[in-house]
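Engineer: My structure is below; once you've seen it, I'll send some questions.
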Amino acid sequence: MDIGELLAFKPEQTPKRPHEDDDEDFDLESSHGKRGGGDEKIKRMRRIAEAKESAHYLKQSGGASAASGGGTATTSFEFDPELTEEERLNILKYVENEEADGDVLDEQSLKKLILVFEKRNLKNQEMRIKFADSPEKFMDSELELHTVIQELKGVATVPDLYPLLVELHGLHSLLELLAHQNTDIAVAVVDLLQEVTDVDILGESQEGAESLIEALRKEQICALLVQNLERLNEQVKEESDGVHNTLAIVENLTEIDSEFVKEAAEQGLLAWLLKRLRGKSPFDPNKLYCSEILSILIQTENDNRLLLGSLDGVDVLLQQLAVYKRHDPGSNEEQEYMQNLFNCLCSALMARENRDRFLSGEGLQLMNLMLREKKMSRNGSLKVLDHAMAGQDGRDNCNKFVEILGLRTIFPLFMKTPKRNKQRLISADEHEEHVTSVIASMLRNCKGTHRQRMLAKFTENDHEKVDRLLELHLKYLAKVEAIDKEIDQQAKDPSIDEDEEAENNYIKRLTGGLFTLQRIDYILLEVSATGDTVKQRVLQILNLRGASMKTIRSIMREYAGNLGDGDTDWREQEQTHILSLVDRF
27 MDIGELLAFK PEQTPKRPHE DDDEDFDLES SHGKRGGGDE KIKRMRRIAE
77 AKESAHYLKQ SGGASAASGG GTATTSFEFD PELTEEERLN ILKYVENEEA
127 DGDVLDEQSL KKLILVFEKR NLKNQEMRIK FADSPEKFMD SELELHTVIQ
177 ELKGVATVPD LYPLLVELHG LHSLLELLAH QNTDIAVAVV DLLQEVTDVD
227 ILGESQEGAE SLIEALRKEQ ICALLVQNLE RLNEQVKEES DGVHNTLAIV
277 ENLTEIDSEF VKEAAEQGLL AWLLKRLRGK SPFDPNKLYC SEILSILIQT
327 ENDNRLLLGS LDGVDVLLQQ LAVYKRHDPG SNEEQEYMQN LFNCLCSALM
377 ARENRDRFLS GEGLQLMNLM LREKKMSRNG SLKVLDHAMA GQDGRDNCNK
427 FVEILGLRTI FPLFMKTPKR NKQRLISADE HEEHVTSVIA SMLRNCKGTH
477 RQRMLAKFTE NDHEKVDRLL ELHLKYLAKV EAIDKEIDQQ AKDPSIDEDE
527 EAENNYIKRL TGGLFTLQRI DYILLEVSAT GDTVKQRVLQ ILNLRGASMK
577 TIRSIMREYA GNLGDGDTDW REQEQTHILS LVDRF
């Protein structure tokens, strides 16, 4: 087998983005001689790397099969039956020689490359002005410009050269091309930016990363990207890839510098994402990526949540989720998309103003229907209800949920945790956490007849719901006691002080079951304070199980002392209420 045949060997790879393949947009080698050499070199080095990886893989699999007594004739040849051991060794030998000859971009070659880029950019502008009505006359200059943009991708392998790229105004000129009349040029620039902003690449050079990020911020990169997104047609493969790469740039930037989260939203990306989700196009990978980026933008930034609300984002999310009321997602990717939308809605509901929009947009009715339908969406809707009703801002939603007969939906879920199956995407512990949180929020926020209807549920059917409460109390108490034992046995870390250690241990206990236990015990205190029969039932079961009321009091006192950093008046009011319930218990 000669060298050409060896290089032709190429294992299949899963594409990283939609429509991606190994074909280049332009075949420039024949038209421009050495100008297309950059692409060819990249192709050649890629094939070499893949050949080397394949050869190593085959060698390892062959060794493994030999060790197990099967020889190399079975395992290694399952990958490529035509490759012999000698041919694999020849590939490795050839690769080692080729790698030694590979050119690495240095300062001088980057300067030359940027000079060529600027000349071709200027030439293309001149030709477009001169022959505005004759595209065939400026097409060659456009192909040359596209080629040099592809060659500039080499700078992504040397992040130490980023300051030079910025200093020579190469980055500025590239960003200007995002508005080029030919979307192929703009998409090529997006592809280049996606590579130079790769988080792993930026991590290799702090100076390079800082220089690039500062320059991109000054140029308002997010606004430029959004302007380009507005004109891309996703029915065209290359432009659809351009949309995907644009979202990848935003993800890279927000990961490397959290300030980009707010900047991207303010510079139009949030509005574009909502517009893209609102569209009636069928589910595709770009729609999934849009939901991921939206989740990033509103997860931690309250200003972005408010902006989403002002752009009717809550309605957009509800409309998109309504599809899954009676139908499950058609694939794992679409299932992930649905979960992202639920997460976005939960994040949005952390802003009080959005809870009002959720209420007026009949979000409660939709979530209630989802709970009844028993589809995959049930798990997400339970989580959304938890967020919509929590705290003092959830009062209106709590009362409305009782009005729309939500108690008929939530209490069966409280009495029996659904079994694990395809429709269950959350664990039993998560399910019980959300259900008890919803009930606890309603007991705290509902007044008058709505509260009476809630309390009546705990006395019907011979106090079966009180029995269930105590069953859950004992379950989660055992979990917390196991965590406490584990904390007592762990070695003390001398690098952290006592306060930090106490905070870390409390968080560990919360995630280990204490959070749910606090909700359960709060419900116990609330319902016990309203009727002697309920309290007698609680005492009876605690005595039967050898449990103590002191434990419940201790848990609730600890809860009252750790209510968080919210509104001071609300916190003091809540602490007083909880401690008064403890005293009456």
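Just add 26 to wherever you are in the sequence shown, counting from 1, and you've got the working numbering. Every residue, glycine too, gets a C-beta built ideally from N, C-alpha and C.
Relative to the C-alpha of E399, which candidate in R378, L439 and R302 has its C-alpha closest?
Structural biologist: If you number the sequence shown from 1, residue 399 lands on position 373. Minimum Cα distance to E399 is reached at L439.
Engineer: I'd like to check one pair, R545 with I509: are the Cβ atoms closer than 9 Å?
Structural biologist: Position 483 of the sequence shown, counted from the first residue, corresponds to residue 509. Position 519 of the sequence shown, counted from the first residue, corresponds to residue 545. Their beta carbons are not under 9 Å apart, which means I509 does not touch R545 by this criterion.
Engineer: Count the other C-beta atoms from every protein chain shown that fall within 10 angstroms of the C-beta of T326, then say buried if there are 16 or more, exposed otherwise.
Structural biologist: As a first step, residue 326 must be located in the sequence shown, where it is residue number 300. The residue is exposed, with fewer than 16 neighbouring Cβ atoms inside 10 Å.
Engineer: Beta-carbon separation of S187 and E221 under 9 Å?
Structural biologist: The residue given as residue 187 occupies position 161 in the sequence shown. The residue given as residue 221 occupies position 195 in the sequence shown. Checking the sequence shown, residue 187 turns out to be Leu, not Ser. No, the Cβ-Cβ distance between L187 and E221 is not below 9 Å.
Engineer: Expressed to the nearest angstrom, what Euclidean distance is found between the alpha-carbon atoms of A207 and Y350?
Structural biologist: The residue given as residue 207 occupies position 181 in the sequence shown. The residue given as residue 350 occupies position 324 in the sequence shown. The residue asked about is misnamed: residue 207 is Gln in this sequence, not Ala. Distance between the alpha carbons of Q207 and Y350 is about 40 Å.
Engineer: Any contact between the segment 259-267 and the segment 286-297? By contact I mean 3 or more CB pairs, one from each, below 8 Å.
Structural biologist: no
Engineer: Helix, strand or coil: how does DSSP classify L570 here?
Structural biologist: Taking the sequence shown and counting its residues from 1, one reaches residue 570 at position 544. In this structure, L570 counts as helix in the three-state DSSP scheme.
Engineer: Closer than 7 Å by C-beta to E600: which residues in its own chain qualify, once you throw out the five before and the five after it? Chain order, please.
Structural biologist: Taking the sequence shown and counting its residues from 1, the one referred to as residue 600 is at position 574. Same-chain partners within the cutoff: L589.
Engineer: Output needed for L178: all residues of its chain with C-beta closer than 7 Å, excluding positions within five of it in sequence on either side, in chain order.
Structural biologist: The residue given as residue 178 occupies position 152 in the sequence shown. Same-chain partners within the cutoff: L139, F143 and L218.
Engineer: Suppose you measure from the CA of K561 to the CA of S554; what does that come to, to the nearest Å?
Structural biologist: Along the sequence shown, one-based indexing puts residue 561 at 535. Along the sequence shown, one-based indexing puts residue 554 at 528. Answer to the nearest angstrom: the Cα atoms are 5 Å apart.
Engineer: If distances are taken between C-alpha atoms only, which option among A374, N147 and I227 comes closest to H195?
Structural biologist: What you label residue 195 is simply residue 169 of the sequence shown in a count that begins at 1. H195 has its Cα closest to that of N147, out of A374, N147 and I227.
Engineer: I'd like the list of long-range same chain contacts for Q391, defined as Cβ closer than 8 Å, with 5 residues on each side in sequence excluded.
Structural biologist: Counting from one through the sequence shown, the residue named residue 391 turns up at place 365. Counting only Cβ-Cβ distances below 8 Å, and skipping sequence neighbours, we find I430.
Engineer: In whole angstroms, give me the CA-to-CA distance for V608 and K445.
Structural biologist: Position 582 of the sequence shown, counting from 1, holds the residue named residue 608. Position 419 of the sequence shown, counting from 1, holds the residue named residue 445. Between V608 and K445, the C-alpha separation is close to 34 Å.
Engineer: So, are the CB atoms of C316 and L343 less than 9 Å apart?
Structural biologist: In the sequence shown, counting from the first residue as 1, residue 316 sits at position 290. In the sequence shown, counting from the first residue as 1, residue 343 sits at position 317. Not closer than 9 Å, so no.
Engineer: Would you kindly report the start and end of the unbroken alpha helix (DSSP H) that includes L392?
Structural biologist: Residue mapping note: residue 392 aligns to position 366 of the sequence shown, counting from 1. Run containing L392: G389 to E399, per the alpha helix (DSSP H) assignment.
Engineer: Apart from the five residues just before and just after S629, which ones in its own chain have a Cβ nearer than 7 Å to its Cβ?
Structural biologist: Because residue 629 is not part of the residues shown, which for the chain are 27 to 611, the question remains open.
Engineer: Leaving out five residues before and five after N380 in sequence, what residues of the same chain have Cβ atoms less than 7 Å from its Cβ?
Structural biologist: Working through the sequence shown from its first residue, we reach residue 380 at position 354. The residues are R331, G335, V340 and A374.
Engineer: Determine the contact status of I549 and A466, defining contact as a CB-CB distance below 9 Å.
Structural biologist: Counting from one through the sequence shown, the residue named residue 549 turns up at place 523. Counting from one through the sequence shown, the residue named residue 466 turns up at place 440. Yes.
Engineer: Indicate whether the contact test is met: 3 or more Cβ pairs, each with one atom in the segment 353-368 and one in the segment 413-428, closer than 8 Å.
Structural biologist: No contact exists between the segment 353-368 and the segment 413-428.
Engineer: Which full runs of the alpha helix (DSSP H) of 4+ residues lie inside the segment 169-226, going along the chain?
Structural biologist: 188-193, 196-202 and 209-222
Engineer: With Y502 as the anchor, note down where its alpha helix (DSSP H) starts and where it stops.
Structural biologist: Numbered from its first residue, the sequence shown carries residue 502 at position 476. Y502 -> alpha helix (DSSP H) spans E486 to Q515.
Engineer: Between the C-alpha atoms of K473 and V287, what's the straight-line distance to the nearest angstrom?
Structural biologist: Numbered from 1 along the sequence shown, position 447 holds the residue referred to as residue 473. Numbered from 1 along the sequence shown, position 261 holds the residue referred to as residue 287. Straight across, the Cα-Cα distance linking K473 with V287 is about 40 Å.
Engineer: Where does the unbroken alpha helix (DSSP H) through M402 begin, and where does it stop?
Structural biologist: Here residue 402 corresponds to residue number 376 of the sequence shown, with the count starting at 1. M402 -> no alpha helix (DSSP H), and no H or E assigned at all.
Engineer: Could you work out which residue in R579, E552, L279 and D514 is closest to M468 when comparing CA atoms only?
Structural biologist: In the sequence shown, the residue the question calls residue 468 occupies position 442. It is E552 whose Cα lies nearest to the Cα of M468.
Engineer: Are the beta-carbon atoms belonging to K313 and L303 less than 9 Å from one another?
Structural biologist: Looking up residue 313 in the sequence shown gives position 287. Looking up residue 303 in the sequence shown gives position 277. Contact flag set, yes.
Engineer: Taking 9 Å as the cut-off, decide whether the C-beta atoms of I247 and L273 are in contact.
Structural biologist: Within the sequence shown, residue 247 is the residue found at index 221, counting from 1. Within the sequence shown, residue 273 is the residue found at index 247, counting from 1. Not in contact: I247 and L273 (Cβ atoms no closer than 9 Å).
Engineer: Are there 16 or more other CB atoms within 10 angstroms of the CB of D49, so buried, or fewer, so exposed?
Structural biologist: Taking the sequence shown and counting its residues from 1, the one referred to as residue 49 is at position 23. A caution first: D49 carries a pLDDT of 43, below 50, which makes its placement in the model too unreliable to give a value.
Engineer: Going along the chain, which residues of its own chain have a beta-carbon closer than 7 Å to the beta-carbon of K409, five neighbours each way excluded?
Structural biologist: By 1-based counting over the sequence shown, the position of residue 409 is 383. Cβ within range, chain order: F368, C372 and H460.
Engineer: Cβ atoms of Y502 and L620: under 9 Å apart, would you say?
Structural biologist: The structure shown has nothing for residue 620, since the chain only spans 27 to 611.
Engineer: Can the beta-carbon of T223 be found closer than 9 Å to that of I175?
Structural biologist: The residue given as residue 223 occupies position 197 in the sequence shown. The residue given as residue 175 occupies position 149 in the sequence shown. No, the pair does not count as a contact, with Cβ atoms beyond the cut-off.
Engineer: Using alpha carbons as the reference points, say which of L411, R563, E497 and F384 lies closest to T485.
Structural biologist: On the sequence shown, position 459 is the one that residue 485 refers to. Comparing Cα-Cα distances from T485 to each of L411, R563, E497 and F384, the minimum goes to R563.
Engineer: Mind checking S463: buried by the 16 CB within 10 Å criterion, or exposed?
Structural biologist: As a position in the sequence shown, residue 463 is number 437, starting the count at 1. Per the 10 Å Cβ criterion, buried.
Engineer: Taking Cβ positions, are G268 and V181 nearer each other than 9 Å?
Structural biologist: For the purposes of this step, residue 268 is taken as residue 242 along the sequence shown, with counting starting at 1. For the purposes of this step, residue 181 is taken as residue 155 along the sequence shown, with counting starting at 1. Cβ atoms of G268 and V181: not closer than 9 Å.
Engineer: Output needed for D354: all residues of its chain with C-beta closer than 7 Å, excluding positions within five of it in sequence on either side, in chain order.
Structural biologist: Here residue 354 refers to the residue found at position 328 when the sequence shown is read from its first residue. Cβ contact annotation for D354 (same chain, cutoff 7 Å, sequence separation greater than five): K401 and M402, in chain order.
Engineer: What residue from A205, N405 and E490 has the CA that sits closest to Q151's CA?
Structural biologist: The residue given as residue 151 occupies position 125 in the sequence shown. Cα-wise, what sits closest to Q151 is A205.
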